[in-house]
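Residues 235 to 932 (my numbering) make up the sequence shown, in order.
Heads up, the beta-carbon is just placed ideally off N, CA and C, and yes, glycines get one too.
Data first, discussion second: the structure below is written as structure tokens.
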Amino acid sequence: MSGGRLALGFGVHNHQPVGQFDHVLEEATARAYRPFLERLHAHPEVRLTAHWTGSLLEWLRERSPATFDLLATVVGRGQVELLTGGFYEPILAILPDHDKVGQIELLTDFIKSHFGVRPRGMWLAERVWEPQLPRTIRDAGVEYVLVDDRHFALAGFDPDTLGGYYLTEDQGAVVGVFPINQRLRYLIPFAEVEATVEYLESRRARVEMLTMVDDGEKFGVWPGTHALVYERKWLDRFFDRLLALPWLELTTFADVVDRFRATGRVYLPTASYREMGEWALPPAAGRQLEIAKRDVGTLADGARLQTLLRGGFWRAFLVKYPEVADVYWKMLRLSQAIHREAARRPDDARIAQARTALWRGQANDAYWHGVFGGCYLPHLRRAVKQSLLEAERLLACAVGAPEVAWTRADGNGDGREEIHVRTRELVVTLNPEVGGTLTELSHLGRALDLADVLARRPETYHDQLRQQGDAPAPAAAEVRTIHERPAAKEAGLGDLLAYDDLRRGSLLDGLFPAAGDLDPIAPWRAARVALGRARFGPRVEETPGGVAVVLTLEPGDDTPLRVEKRVLIGAATVEARYRLRPTAPLLGRWAIQWNLALTAGDGPDRYLALPGRPPLRSTGRRADVSSVTLVDEWIGIEARLAWSPAAELLWGPVETVSVSEGGFERIYQGTAFLIVWPLPAVSFEEWELMTSLSASAR
Numbered sequence: 235m236s237g238g239r240l241a242l243g244f245g246v247h248n249h250q251p252v253g254q255f256d257h258v259l260e261e262a263t264a265r266a267y268r269p270f271l272e273r274l275h276a277h278p279e280v281r282l283t284a285h286w287t288g289s290l291l292e293w294l295r296e297r298s299p300a301t302f303d304l305l306a307t308v309v310g311r312g313q314v315e316l317l318t319g320g321f322y323e324p325i326l327a328i329l330p331d332h333d334k335v336g337q338i339e340l341l342t343d344f345i346k347s348h349f350g351v352r353p354r355g356m357w358l359a360e361r362v363w364e365p366q367l368p369r370t371i372r373d374a375g376v377e378y379v380l381v382d383d384r385h386f387a388l389a390g391f392d393p394d395t396l397g398g399y400y401l402t403e404d405q406g407a408v409v410g411v412f413p414i415n416q417r418l419r420y421l422i423p424f425a426e427v428e429a430t431v432e433y434l435e436s437r438r439a440r441v442e443m444l445t446m447v448d449d450g451e452k453f454g455v456w457p458g459t460h461a462l463v464y465e466r467k468w469l470d471r472f473f474d475r476l477l478a479l480p481w482l483e484l485t486t487f488a489d490v491v492d493r494f495r496a497t498g499r500v501y502l503p504t505a506s507y508r509e510m511g512e513w514a515l516p517p518a519a520g521r522q523l524e525i526a527k528r529d530v531g532t533l534a535d536g537a538r539l540q541t542l543l544r545g546g547f548w549r550a551f552l553v554k555y556p557e558v559a560d561v562y563w564k565m566l567r568l569s570q571a572i573h574r575e576a577a578r579r580p581d582d583a584r585i586a587q588a589r590t591a592l593w594r595g596q597a598n599d600a601y602w603h604g605v606f607g608g609c610y611l612p613h614l615r616r617a618v619k620q621s622l623l624e625a626e627r628l629l630a631c632a633v634g635a636p637e638v639a640w641t642r643a644d645g646n647g648d649g650r651e652e653i654h655v656r657t658r659e660l661v662v663t664l665n666p667e668v669g670g671t672l673t674e675l676s677h678l679g680r681a682l683d684l685a686d687v688l689a690r691r692p693e694t695y696h697d698q699l700r701q702q703g704d705a706p707a708p709a710a711a712e713v714r715t716i717h718e719r720p721a722a723k724e725a726g727l728g729d730l731l732a733y734d735d736l737r738r739g740s741l742l743d744g745l746f747p748a749a750g751d752l753d754p755i756a757p758w759r760a761a762r763v764a765l766g767r768a769r770f771g772p773r774v775e776e777t778p779g780g781v782a783v784v785l786t787l788e789p790g791d792d793t794p795l796r797v798e799k800r801v802l803i804g805a806a807t808v809e810a811r812y813r814l815r816p817t818a819p820l821l822g823r824w825a826i827q828w829n830l831a832l833t834a835g836d837g838p839d840r841y842l843a844l845p846g847r848p849p850l851r852s853t854g855r856r857a858d859v860s861s862v863t864l865v866d867e868w869i870g871i872e873a874r875l876a877w878s879p880a881a882e883l884l885w886g887p888v889e890t891v892s893v894s895e896g897g898f899e900r901i902y903q904g905t906a907f908l909i910v911w912p913l914p915a916v917s918f919e920e921w922e923l924m925t926s927l928s929a930s931a932r
């Protein structure tokens, strides 16, 4: 490859999240995965590299065997080098080392078993790199990994000079690192084929090899790309043109490693691709970065200087979204427990099943948010939590855990104490130092967290929606990259840009004026006293078949009453009994909010058991009632919300506005239920109130 010849390591990364809808998988297979393989099969001279996540390969094997067999054919004739990686596509850096190695080895073994080859390189999910990774990557038998040229730019390298592969290490464990060329990622397949050829020709005098691997979904799934790539034959023209270039060789990464020395050594900082770093920033910092990019871009050497600007660190998502952080910490606790038990009983099938469920629960898509929905998509969060709950249930069965177990500790690294309770049917997290709220209310039998309601938060891209208003979404045939400014999927989304003062928990409570309308979704700014951030003093008592947590808040300058909240957690019920004693004559209303979610907000099989069966996504009000039942026939669960004395019930949908590759969209996160009692109607001295939630399988 000397004398001006250039090797191109071209490839695709194919992935669908754990929990993805079947119809999405079917569409992606029909519009991208299978036609890409068919074009590759028709061009036997083309050699490239591909990464398929383990869960997608399993789905193809079961649901699209013709596609799976076609992949095996092109691999078998030496056209395709397969990369390994974490089987369920986790963010590798945040996993315990035993799970890092285990997930990689699982996909490696799957590829060896089904395709007869042992992968030597790996795909790094979302290219999230941390400097300690080389050691565990090497421990998993991997020789090289792919990241972005952005990583190298942040280490001081000029992306225009990068070529071949580099060596890095941790504790003496050396791995090769290939820099993916951003310019090629943006050209392919959106520009004309000749634009790519011109760029390649401009680089061949300076480097021996370039790398271009990107999402396979851009070859048929992204807006307008199916018509471009297949109907207008962009991919055929691309392959034919590259094969006709006498100075270009399509190659695999294994061939490059075998035939050529490394270009040099490198130590990369924590990094991902450029957009990921921007998404990880808090909104205010994200706006500042946008301003900095704009200002630097006007300078004479602005394009180069912009490469030195960086966003945040991937782990910042665990701060930006505390709901995600809770899932992460639950995953860590389960990983430690399963790893410990696997060492004690290596032949226990239930422990092995628990570990597999744990690994499914490490799938990255619900742990962050960017253009692809991520943690804003309830079905992705539900799939991850379902897997973790399955792991928790299997582990408890394997070790013979008691029917009721509880811990009192800082379980999520925020410096505050939580109380975690597991009964025969429920897993509950209570936060004494954050208003005595519930942030997990999981039904083990249906592996469903009824408290999984994401709060409404500002996002940097909301500024774009405010500026452009209700601009229509582009026509489906229009070719767009995810890097273009998104359009609104429906009118009126700007009106939904309201944000929550408190995290969406349950047993949020407060004192309100005696008169005035209350918003069931966001009532707290109208409150005289809102206790969502109050620090209760807790006392834990074991009871027959459960646990009681007694939370006490003494009167203060801002709290004109003593509050005792006794939360009893039994087999399938959480009950909260309130005793309110004012320090002086008091007139007002007491309200308690539950934020609850089943599997969807719409549909005839998901409703409130009230006259007319209003959907869970509805808005309503009932006076002088004492219960309401949420029904989800699809998953088979009922949740009965009850209270006494009878009170007014208000409810409404919690909806967020987020962005996906298709544009801005509203997403139903759950339903807020507000129970409101007029205090004088109960007692003149001390008020006693009760509310409970019972979950049962249908």
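Nearest-angstrom Cα separation, counted from residue j out to residue i
{"i": "residue 559", "j": "residue 428", "result": "46 Å"}
{"i": "residue 677", "j": "residue 522", "result": "43 Å"}
{"i": "residue 662", "j": "residue 582", "result": "27 Å"}
{"i": "residue 303", "j": "residue 532", "result": "52 Å"}
{"i": "residue 381", "j": "residue 402", "result": "12 Å"}
{"i": "residue 457", "j": "residue 607", "result": "16 Å"}
{"i": "residue 610", "j": "residue 273", "result": "35 Å"}
{"i": "residue 335", "j": "residue 487", "result": "21 Å"}
{"i": "residue 853", "j": "residue 885", "result": "6 Å"}
{"i": "residue 187", "j": "residue 688", "result": "Since the displayed the chain opens at 235 and closes at 932, residue 187 lies outside it and no answer follows."}
{"i": "residue 888", "j": "residue 408", "result": "49 Å"}
{"i": "residue 237", "j": "residue 462", "result": "For residue 237, the predicted model reports a pLDDT of 48, less than 50, meaning its position is unreliable; a value from the coordinates is still stated below. Rounded to whole angstroms, residue 237 to residue 462 spans 35 Å at the Cα level."}
{"i": "residue 602", "j": "residue 669", "result": "26 Å"}
{"i": "residue 847", "j": "residue 665", "result": "33 Å"}
{"i": "residue 799", "j": "residue 830", "result": "20 Å"}
{"i": "residue 765", "j": "residue 735", "result": "12 Å"}
{"i": "residue 679", "j": "residue 419", "result": "45 Å"}
{"i": "residue 235", "j": "residue 472", "result": "Since pLDDT at residue 235 reaches only 40, below the 50 mark, its modelled position is unreliable, and the value read off the structure follows with that caveat. Cα to Cα, the separation comes out at about 21 Å."}
{"i": "residue 431", "j": "residue 469", "result": "14 Å"}
{"i": "residue 536", "j": "residue 394", "result": "15 Å"}
{"i": "residue 525", "j": "residue 700", "result": "17 Å"}
Where residue i falls, given that 16 or more other Cβ within 10 Å makes a residue buried
{"i": "residue 920", "result": "exposed"}
{"i": "residue 850", "result": "buried"}
{"i": "residue 244", "result": "buried"}
{"i": "residue 363", "result": "buried"}
{"i": "residue 477", "result": "exposed"}
{"i": "residue 775", "result": "exposed"}
{"i": "residue 733", "result": "exposed"}
Residues sharing a beta bridge with residue i, DSSP
{"i": "residue 799", "result": "785 and 812"}
{"i": "residue 889", "result": "902"}
{"i": "residue 829", "result": "906"}
{"i": "residue 283", "result": "245 and 315"}
{"i": "residue 746", "result": "823"}
{"i": "residue 677", "result": "660 and 682"}
{"i": "residue 780", "result": "777"}
For residue i, the nearest candidate out of the options (CA to CA)
{"i": "residue 296", "options": "863, 555 and 263", "result": "263"}
{"i": "residue 440", "options": "878, 385, 397 and 322", "result": "397"}
{"i": "residue 299", "options": "536, 322 and 348", "result": "348"}
{"i": "residue 388", "options": "730, 825, 542 and 294", "result": "542"}
{"i": "residue 653", "options": "647, 640, 660 and 659", "result": "640"}
{"i": "residue 246", "options": "657, 757 and 357", "result": "357"}
{"i": "residue 696", "options": "520, 646 and 779", "result": "520"}
{"i": "residue 249", "options": "925, 286, 656 and 276", "result": "286"}
{"i": "residue 879", "options": "890, 911 and 867", "result": "911"}
{"i": "residue 841", "options": "539, 905 and 509", "result": "905"}
{"i": "residue 452", "options": "786, 771, 265 and 857", "result": "265"}
{"i": "residue 598", "options": "638, 289 and 929", "result": "289"}
message: Counting beta carbon pairs with one atom in the stretch 245-265 and one in the stretch 500-510, are three or more of them shorter than 8 Å?
response: no
message: Does the structure place the stretch 370-385 close enough to the stretch 412-431 that three or more beta carbon pairs sit under 8 Å?
response: Yes, the stretch 412-431 touches the stretch 370-385.
- prompt: Can we say the stretch 663-676 touches the stretch 724-735, given the rule of at least three CB pairs closer than 8 Å?
  reply: The answer is no - the stretch 724-735 does not touch the stretch 663-676, with fewer than three Cβ pairs under 8 Å.
message: With three or more beta-carbon pairs closer than 8 Å as the criterion, would you say the stretch 792-806 touches the stretch 887-907?
response: The answer is no - the stretch 887-907 does not touch the stretch 792-806, with fewer than three Cβ pairs under 8 Å.
message: I'd like to know if the stretch 738-758 and the stretch 815-828 are in contact, where contact means that at least 3 CB-CB pairs between them fall below 8 Å.
response: yes
- prompt: Do three or more CB pairs link the stretch 301-317 to the stretch 567-582 at distances below 8 Å?
  reply: Taking 8 Å as the limit for Cβ pairs, the verdict is that the stretch 567-582 does not touch the stretch 301-317.
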